[in-house]
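Peer 1: Quick note: the sequence shown, position 187, residue 263 per our numbering, numbers continuous.
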Amino acid sequence: MPLVSLKKLLIKAQKEQHAVGSFNVLDVQSARAVIQAAEEEHSPVILAFGEGHERFIPMDLMFTIMRKLARKATVPVVILLDHGSFEANLRAMDLGASAVMYDGSALPFEMNLETTRKIVEKAHALGIDVEAELGHVSMEEGNPDKGETDMDEPIYTDPALVREFVEKTGVDALAISIGTVHGVCLKKPEIDFQRLKKIRDITDIPLVLHGGSGVSDDDFKRCIREGITKINYFSEVSLFVAENIKERLQKRMEKNYYQDIVKWSQELFKERVKDRIRLFGSSNKA
Ligand SMILES: [Zn+2]
Numbered sequence: 077m078p079l080v081s082l083k084k085l086l087i088k089a090q091k092e093q094h095a096v097g098s099f100n101v102l103d104v105q106s107a108r109a110v111i112q113a114a115e116e117e118h119s120p121v122i123l124a125f126g127e128g129h130e131r132f133i134p135m136d137l138m139f140t141i142m143r144k145l146a147r148k149a150t151v152p153v154v155i156l157l158d159h160g161s162f163e164a165n166l167r168a169m170d171l172g173a174s175a176v177m178y179d180g181s182a183l184p185f186e187m188n189l190e191t192t193r194k195i196v197e198k199a200h201a202l203g204i205d206v207e208a209e210l211g212h213v214s215m216e217e218g219n220p221d222k223g224e225t226d227m228d229e230p231i232y233t234d235p236a237l238v239r240e241f242v243e244k245t246g247v248d249a250l251a252i253s254i255g256t257v258h259g260v261c262l263k264k265p266e267i268d269f270q271r272l273k274k275i276r277d278i279t280d281i282p283l284v285l286h287g288g289s290g291v292s293d294d295d296f297k298r299c300i301r302e303g304i305t306k307i308n309y310f311s312e313v314s315l316f317v318a319e320n321i322k323e324r325l326q327k328r329m330e331k332n333y334y335q336d337i338v339k340w341s342q343e344l345f346k347e348r349v350k351d352r353i354r355l356f357g358s359s360n361k362a
């Protein structure tokens, strides 16, 4: 199936009141797992590659894999660059992304707006959709088991800035900061539903929730009812896969081989993504 437009996919999701999952992939197994999960659920899906994951695999190689898998998929697939710098956004456009996410959330408002606007101009000329972030969803890093966590300051999205940002940049989807956190610790976040409602009342643009991994199932359902149409979900899937593999390796009496891990990682990744797709309500919406 040809790649689909992020904007069209999310506008359809808005009308049908579900959210489309955006899952980060960083190897062939995870990419195949996400596509197979979407196919088995007859769901559209967003295959995302974060610039930060270039330390595991170069972007050009991963985009080649994602494009090939997406073309063969029987459900609508978006190939998205997730959290990209200006330079990475330009590279992703060259490499066949159908959507890019420019992350200027750490910049002052005016600079974020101006750089996002430039990205949108270039991307739209090529028929590529753009997601941007207003406010800042913080990132928690480190090893929580050793008490080594480190988190930057969140900046909640200011509803008063939303209209100007959306109109002047021309973005197709907007990531907002309403209490979720990226990363490893997966503490239950306090979602600011009042803020979500205020933002929803100001703009019709599809809204994106990042840092989905610690969010409870009930809060996800409420977020979707109140206007979130794209959910970024990765850290918890990653933890689920690795912890399950650890358990299997410890239980087995016979020798373990690399190919065992390759096979399990794909099966486990698929299982968890399918569960999330069902929760987000996009099953049978392909
Ligand atoms: Zn994110």
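Yeah, the Cβ is synthetic: ideal placement off N, Cα and C, and Gly gets one too.
Compute the Euclidean distance between the alpha carbons of isoleucine 231 and glutamate 130, then round it to the nearest angstrom.
Peer 2: 26 Å
Peer 1: Should histidine 212 be listed as close to ligand 1, given that the test is whether its C-beta is under 7 Å from any heavy atom?
Peer 2: The closest heavy atom of ligand 1 lies 7 Å or more from the beta carbon of histidine 212.
Peer 1: So, for asparagine 188: in the same chain, excluding its five sequence neighbours on each side, which residues have a beta-carbon less than 6 Å away from its beta-carbon?
Peer 2: Gly180
Peer 1: From this set, Tyr334, Lys198 and Ser289, which residue's C-alpha is nearest valine 247's C-alpha?
Peer 2: Lys198
Peer 1: Please find out if some non-hydrogen atom of ligand 1 comes closer than 7 Å to the beta-carbon of asparagine 165.
Peer 2: no
Peer 1: Distance check for glutamate 207 and arginine 276, CA to CA, integer angstroms please.
Peer 2: 16 Å
Peer 1: Cβ atoms of valine 291 and lysine 306: under 8 Å apart, would you say?
Peer 2: no
Peer 1: If we cut at 8 Å on Cβ distances, does leucine 325 have a partner in chain B?
Peer 2: The structure shown contains no chain B; it is built from a single protein chain.
Peer 1: Is asparagine 188 close to ligand 1? I mean its beta-carbon at under 7 Å from any heavy atom of the ligand.
Peer 2: no
Peer 1: Tell me, which residues are paired with glutamate 323 by DSSP?
Peer 2: Beta-bridge pairing by DSSP links glutamate 323 to no other residue.
Peer 1: In the region 176-223, which residue ranges form an unbroken beta strand (DSSP E) of at least 3 residues, counting only runs that do not cross its ends?
Peer 2: Counting only unbroken stretches of 3 or more residues, the beta strand (DSSP E) elements lying wholly within the region 176-223 are 205-210 and 215-219, in sequence order.
Peer 1: Run the proximity test for histidine 159: is its beta-carbon closer than 7 Å to any non-hydrogen atom belonging to ligand 1?
Peer 2: Because some heavy atom of ligand 1 lies under 7 Å away, the Cβ of histidine 159 counts as near it: yes.
Peer 1: Curious, which full-length beta strand (DSSP E) runs of at least 3 residues does the region 222-267 contain?
Peer 2: You should have 224-227 and 249-252.
Peer 1: Would you kindly work out how many angstroms separate the C-alpha atoms of asparagine 165 and valine 313, rounded to a whole number?
Peer 2: 25 Å
Peer 1: I need the DSSP call for glycine 290, collapsed to helix, strand or coil.
Peer 2: helix
Peer 1: To which residues of the same chain is isoleucine 304 closer than 6 Å at the C-beta, ignoring the five residues directly before and after it?
Peer 2: Excluding positions up to five away in sequence, the list reads Ala95, Leu283 and Leu285.
Peer 1: I'd like to confirm something about glycine 287: is its beta-carbon nearer than 7 Å to some heavy atom of ligand 1, or not?
Peer 2: Because some heavy atom of ligand 1 lies under 7 Å away, the Cβ of glycine 287 counts as near it: yes.
Peer 1: Can you determine whether any heavy atom of ligand 1 sits closer than 7 Å to the C-beta of histidine 258, and answer yes or no?
Peer 2: Yes.
Peer 1: Tell me whether glutamate 216 is buried or exposed, calling it buried when 16 or more other Cβ atoms sit within 10 Å of its Cβ.
Peer 2: The residue in question, glutamate 216, is buried, as its Cβ has 16 or more Cβ neighbours within 10 Å.
Peer 1: Going by CA-CA distance only, name the one from Ile87, Tyr333 and Thr140 that's closest to proline 120.
Peer 2: Ile87
Peer 1: If you drop the 5 nearest sequence neighbours on each side, which residues of the same chain put their C-beta closer than 6 Å to that of leucine 344?
Peer 2: Hits under 6 Å: Val317 and Asn320.
Peer 1: From aspartate 268 to threonine 256, what distance separates their C-alpha atoms?
Peer 2: 9 Å
Peer 1: Is any heavy atom of ligand 1 found at a distance shorter than 7 Å from the C-beta of asparagine 308?
Peer 2: With a threshold of 7 Å, the Cβ atom of asparagine 308 counts as near ligand 1, since some heavy atom of the ligand is closer than that.
Peer 1: Give the DSSP bridge partners of valine 154, in chain order.
Peer 2: Ile122
Peer 1: Where does threonine 140 sit, in a helix, a strand or coil, going by DSSP?
Peer 2: helix
Peer 1: For alanine 107, collect the residues of the same chain with a Cβ closer than 8 Å to its Cβ; drop the 5 residues on either side in sequence, then sort them by chain order.
Peer 2: Val101, Leu123, Met138, Ile141, Met142 and Leu145
Peer 1: Alanine 149 and isoleucine 195 look like a contact to me (Cβ under 8 Å); what is the Cβ gap, rounded to whole Å?
Peer 2: About 27 Å; that fails the 8 Å criterion.
Peer 1: May I ask you to report which of helix, strand or coil DSSP gives histidine 94?
Peer 2: Secondary structure of histidine 94 (DSSP, three-state): coil.
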